[in-house]
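Visitor: Residue numbers (my numbering): 4 to 202. A single structure is presented below for examination.
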Ligand SMILES: [Fe+2]
């Protein structure tokens, strides 16, 4: 017959095992959160925030290049996610997938494009507004890229601007340009690596 203390220990072990099984890796604290697979109909234009999503409309696009920085890579899955216009991810409590996320697959010229809204910085923090990217496919392993940030954001630190400038066409602090349709546009090119940085 089990003692009361023994039963408590067994209950605790059961709870801990259950947590290990059902709770995915903590988003951001231990690296990138889980990367959901793309839908079957993924193409080079992805939707993160549809027309009914509150916020300033934003279209960002770019090319994925091979490690040489010159050769466009078709067939790469680009997964991007972001905060909403209030700075919240509103991530799914079980999967930790941000509410605003989407996929694109680079076309023959390595191009991708996303339609969304401009993300806001985290509330009550001094972190610049940003968009996260994971890429994989076409022979490249799952990896995360630098976060895209927007020039003029007062939370961007001088060293972040310096690092971005040093990356040339792969810089991750990019200007936003507003077109006559009122939509903000931004270019972000990605260099794929042959080795993952995803732990
Ligand atoms: Fe973030």
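Note that the Cβ used here is the ideal one computed from N, Cα and C, for glycine as well.
#1: Between residue 184 and the rest of its own chain, which residues show a CB-CB distance below 7 Å, the 5 nearest in sequence each way excluded?
#2: Around the Cβ of residue 152, are there at least 16 other Cβ atoms within 10 angstroms (buried) or fewer (exposed)?
#3: In this structure, how does DSSP classify residue 141 when only helix, strand and coil are distinguished?
#4: Taking all protein chains shown into account, do 16 or more other C-beta atoms lie within 10 angstroms of the C-beta of residue 201, making it buried, or fewer, making it exposed?
#5: Express the C-alpha separation of residue 44 and residue 109 in angstroms, rounding to a whole number.
#6: Would you say residue 93 and residue 192 are within 8 Å of each other, going by their C-beta atoms?
#7: Can you list every residue whose CB sits closer than 6 Å to some heavy atom of ligand 1, going in chain order?
#8: Can you list the beta strand (DSSP E) stretches of 3 or more residues lying completely in the segment 62-99, in chain order?
#9: If distances are taken between C-alpha atoms only, which option among 178, 164, 36 and 111 comes closest to residue 48?
#10: Pick out whichever of 121, 178 and 146 has its Cα sitting closest to the Cα of residue 197.
#11: Please identify the residue among 50, 78 and 158 whose C-alpha is closest to the C-alpha of residue 195.
#12: Specify, as a first and last residue, the run of the beta strand (DSSP E) that residue 49 falls within.
#13: By the 10 Å Cβ neighbour count, where 16 or more other Cβ atoms means buried, how is residue 86 classified, buried or exposed?
#14: Checking 8 Å against the spacing of the C-beta atoms, do residue 88 and residue 51 come in under that value?
#15: Near residue 72, what residues of its chain come up, given a Cβ to Cβ distance below 6 Å and the 5 sequence neighbours on each side ignored?
#16: Can you tell which of 186, 182, 175 and 39 has the C-alpha that lies nearest to the C-alpha of residue 101?
#17: My assumption, with CB atoms under 8 Å, is that residue 124 sits in contact with residue 90. Please give the rounded CB distance.
#18: Let me check understanding here. Comparing Cα to Cα, which of 120, 97 and 114 lies closest to residue 104?
#19: Return yes when the Cβ of residue 178 is within less than 8 Å of the Cβ of residue 154, no when it is not.
Guide: In short:
#1: Numbered from 1 along the chain shown, position 181 holds the residue referred to as residue 184. No residues qualify anywhere along the chain.
#2: For the purposes of this step, residue 152 is taken as the residue at position 149 of the chain shown. Result: buried.
#3: Position 138 of the chain shown holds residue 141. Residue state, collapsed to three classes: coil.
#4: For this step, residue 201 is matched to residue 198 along the chain shown. Exposed: under 16 other Cβ atoms inside 10 Å.
#5: Here residue 109 refers to the residue found at position 106 when the chain shown is read from its first residue. Here residue 44 refers to the residue found at position 41 when the chain shown is read from its first residue. Between residue 109 and residue 44, the C-alpha separation is close to 13 Å.
#6: As a working mapping, residue 93 is identified with position 90 in the chain shown. As a working mapping, residue 192 is identified with position 189 in the chain shown. It is not a contact, given that the beta carbons lie outside the stated cut-off.
#7: 133 and 135
#8: 80-85
#9: As a first step, residue 48 is located in the chain shown; it is residue number 45 there, counting from the start. Among 178, 164, 36 and 111, the Cα nearest to that of residue 48 belongs to 111.
#10: Within the chain shown, numbered from 1, the residue matching residue 197 stands at position 194. Nearest option by C-alpha distance: 146.
#11: Residue mapping note: residue 195 aligns to position 192 of the chain shown, counting from 1. Checked all of 50, 78 and 158; the closest Cα to residue 195 is 78.
#12: Numbered from 1 along the chain shown, position 46 holds the residue referred to as residue 49. 48-50 is the span of the beta strand (DSSP E), which, as asked, contains residue 49.
#13: One-based indexing of the chain shown puts residue 86 at position 83. By the neighbour-count rule (16 or more Cβ atoms within 10 Å), residue 86 is buried.
#14: Walking along the chain shown from the start, residue 88 turns up at place 85. Walking along the chain shown from the start, residue 51 turns up at place 48. No, Cβ-Cβ distance for residue 88 and residue 51 is not below 8 Å.
#15: Sequence index remark: in the chain shown, residue 72 carries index 69 (1-based). Same-chain partners within the cutoff: 194.
#16: By 1-based counting over the chain shown, the position of residue 101 is 98. Comparing Cα-Cα distances from residue 101 to each of 186, 182, 175 and 39, the minimum goes to 39.
#17: Numbered from its first residue, the chain shown carries residue 124 at position 121. Numbered from its first residue, the chain shown carries residue 90 at position 87. With 8 Å as the limit, residue 124 and residue 90 qualify as a contact, their Cβ atoms being about 5 Å apart.
#18: Here residue 104 refers to the residue found at position 101 when the chain shown is read from its first residue. When only C-alpha atoms are compared, the closest one is 120.
#19: Taking the chain shown and counting its residues from 1, one reaches residue 154 at position 151. Taking the chain shown and counting its residues from 1, one reaches residue 178 at position 175. Yes, the pair counts as a contact, with Cβ atoms nearer than the cut-off.
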